[in-house]
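Working notes, structure below.
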Amino acid sequence: MLASEEEEVVVETAILEKTIIKLGTLLALGFGQAGVKIVSGNMNTLDSAGINSLTPGAMVDCIIGYVKICNFSTATEVLQKRIMTFVNQIAEIVHGLVNEYHGAPNSNSGETFLIIWKMEIDSTDDDETRFADLSVLAFARILGQVHMSPLLARYRAHPGLQQRLGSTSRVDLTFGLHLGWAIEGAVGSDFKIDASYLSPNVSIAEAMERATHVYGVHIIASESVVNVCSKAVASRCRLIDRAQVRGSKAPLQLYSFDLNPLSLEVSEKPCVPWNMRQRFKARQLLEVQKRHNWHGDEESLMFKAEDICAMRACYTVEFFQIFNMGFWNYSEGEWPVARGFLIRVRHILGFEDGPSQALLAYMERHKFEAPDNWQGVRNRLW
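Heads up: the sequence shown runs through residues 81 to 462, numbered per our numbering.
Rendered as structure tokens:
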């Protein structure tokens, strides 16, 4: 064989290797964690070149996170073609921090992200607690980084968004968290399949996110998540109501992880040019931080995060004590007493506390008299 022919074979082999690597990378990006079994199951059946999309799913226990971009419809109308850049800038923060905190992005419908923290078959109670803590901390960090991002801060000065949303508008997200089972598998047909998670618990996680708009907070987690969190994280989650939630047979306790993102300043760190070398370095640093997050204690993870500390600084012990007195009187049907405490605490932070206002508004509809059949559970409103 001539030297030129040998060189040609080497080049063709290199091209083939790069092509296979790119195809594998695209498969991993397209299917995500939920698609691992779909791909491996089809690759193991070498007796046919066909694809079997009608495979049964697998039941898994997981923490389900639901993230929504606020005012997305308005942003789409104003930004039009640039909406893709807008969503991808947010997705880079969401996906990056979810991965750093041991979660897996599953699907994105434009304004929403479905996030999964999956328990393995051999997961222990300690592992479940760690996943619960990391899911709460991941969402808190995402909120902070979105409000500190210099790229996203530019949209605050966009004239079209200012006209539609006001001069104080900014990019914002809301989050819902719930723990339960889900069926992991392929959804679709021979024409198109998606790796997804199906369960009433997904609807509950979505309901948790919708509840953030009722209570005026950014993160709401159901009792199923908070009950398995460590004491360090659970003690910082505020019980704000009990309610009937679509998808759940029993009423659920709703907890807010209180954060004030308006206290954050935009980061002044220079934007680093994003190329293959920087991407590789970022991956290496991400893996180091990911291992640290799994083995670090909850207190250090929370208090070393400057953005979380800054967003929680305004929430004082006095605030929580007065709110809790108001909430427990509300829960026990002593609504006139609850009204006094909640009115007192509503503006103690220097801005309106959403849960206090939501409970006052609910009681006001009943003229501050608890119904005769009141069991401390709010009717489903979302």
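Every residue, glycine too, gets a C-beta built ideally from N, C-alpha and C.
When the options are compared against residue i, the one with the closest alpha-carbon
| i | options | result |
| --- | --- | --- |
| Pro451 | Phe431, Leu422, Glu412, Gln437 | Glu412 |
| Asp274 | Gly137, Gly434, Phe421, Glu97 | Gly137 |
| His457 | Lys272, Glu289, Asn409 | According to the sequence as given, residue 457 is Val; it is not His. It is Asn409. |
| Gly434 | Leu339, Leu344, Val346, Arg371 | Leu339 |
| Lys329 | Pro230, Phe152, Leu232, Arg460 | Arg460 |
| Asn151 | Arg244, Cys142, Arg221, Phe211 | Arg244 |
| Asn179 | Thr204, Leu365, Met443, Phe407 | Leu365 |
| Asn373 | Thr156, Tyr181, Met164 | Tyr181 |
| Phe24 | His293, Leu440, Arg316, Lys272 | Summary: the structure shown does not reach residue 24, with the chain confined to residues 81 through 462, and so no result is reported for it. |
| Tyr146 | Ala301, Cys317, Arg445 | Ala301 |
| Glu449 | Ile263, Ser310, Glu289, Pro416 | Pro416 |
| Phe211 | Cys317, Ile144, Ala438, Arg445 | Ile144 |
| Ile263 | Gln455, Thr135, Phe400, Thr396 | Thr135 |
| Glu444 | Gln455, Ala418, Asn453 | Ala418 |
| Val267 | Arg221, Val216, Asn186 | Asn186 |
| Arg316 | Gln455, Thr99, Val216, Ala94 | Val216 |
Nearest-angstrom Cα separation, counted from residue j out to residue i
| i | j | result |
| --- | --- | --- |
| Leu278 | Glu398 | 42 Å |
| Glu208 | Ile388 | 22 Å |
| Phe337 | Gly224 | 13 Å |
| Ala390 | Leu342 | 10 Å |
| Asp252 | Thr154 | 13 Å |
| Phe431 | Val140 | 41 Å |
| Val226 | Ile428 | 26 Å |
| Glu414 | Gly420 | 11 Å |
| Ser276 | Met405 | 42 Å |
| Thr165 | Leu159 | 9 Å |
| Arg392 | Cys142 | 27 Å |
| Tyr395 | Ala94 | 58 Å |
| Thr156 | Lys198 | 32 Å |
| Lys447 | Ser247 | 36 Å |
| Gln242 | Ile163 | 16 Å |
| Tyr442 | Arg250 | 28 Å |
| Gly376 | Lys349 | 26 Å |
| Asn453 | Ser203 | 42 Å |
| Lys272 | Phe400 | 50 Å |
| Glu200 | Lys161 | 41 Å |
| Arg371 | Gln455 | 45 Å |
| Thr99 | His293 | 46 Å |
| Leu96 | Glu289 | 45 Å |
Close beta carbons around residue i, own chain, < 6 Å, minus the five adjacent residues each side
| i | result |
| --- | --- |
| Ser436 | Leu422, Val425, Arg426 |
| Phe219 | Phe255, Ile299 |
| Asp205 | none |
| Gly265 | Gly137 |
| Val23 | The chain is shown from 81 up to 462; residue 23 falls before or after that span and cannot be answered. |
Contacting residues, own chain, Cβ-Cβ under 8 Å from residue i (five flanking each side not counted)
| i | result |
| --- | --- |
| Arg326 | Ser283, Ile284, Ala287, Arg460, Trp462 |
| Ala323 | Ala291, Pro331, Leu332, Leu334, Val457, Arg458, Asn459, Arg460, Leu461 |
| Phe403 | Arg318, Phe421, Leu422, Val425, Asp433, Pro435, Ser436 |
| Tyr295 | Ile320, Asp321, Leu334, Ser336, Gly434, Pro435, Ala438 |
| Leu344 | Gly224, His227, Met228, Asp387, Ala390, Met391 |
Beta-carbon proximity list for residue i, same chain, < 7 Å, skipping 5 on both sides
| i | result |
| --- | --- |
| Val346 | Met228, Pro230, Ala233 |
| Asp213 | Cys309, Ser310, Val313, Glu378 |
| Ile149 | Ile170, Glu191, Leu253 |
| Asn188 | Ala171 |
| Ala385 | Arg221 |
| Val167 | Gly190 |
| Tyr92 | According to the sequence as given, residue 92 is Glu; it is not Tyr. Result list for Glu92: empty, nothing under 7 Å. |
In DSSP terms, what residue i is bridged to
| i | result |
| --- | --- |
| Asn188 | Phe193 |
| Met405 | Answer is none; Met405 lacks a bridge partner. |
| Tyr146 | Leu194, Gly256 |
| Phe448 | None, per the DSSP bridge assignment. |
| Ala275 | Ala266 |
| Trp261 | Asp141 |
| Cys394 | Paired residue(s): none; Cys394 is not in a bridge. |
| Arg318 | Ser336 |
| Arg458 | Ala323 |
| Ser302 | Leu334 |
Check: residue i C-beta below 8 Å from any heavy atom of the ligand ZN
| i | result |
| --- | --- |
| Val308 | This structure lacks the ligand ZN, and indeed carries no ligand of any kind. |
Closer than 8 Å is the cut-off here; do at least three beta carbon pairs connect the segment 301 to 311 with the segment 252 to 262? yes
Are there three or more Cβ pairs, one per stretch, closer than 8 Å when the segment 167 to 182 is compared with the segment 193 to 213? yes
Hey, is the segment 278 to 289 in contact with the segment 226 to 243, meaning 3+ C-beta pairs nearer than 8 Å? no
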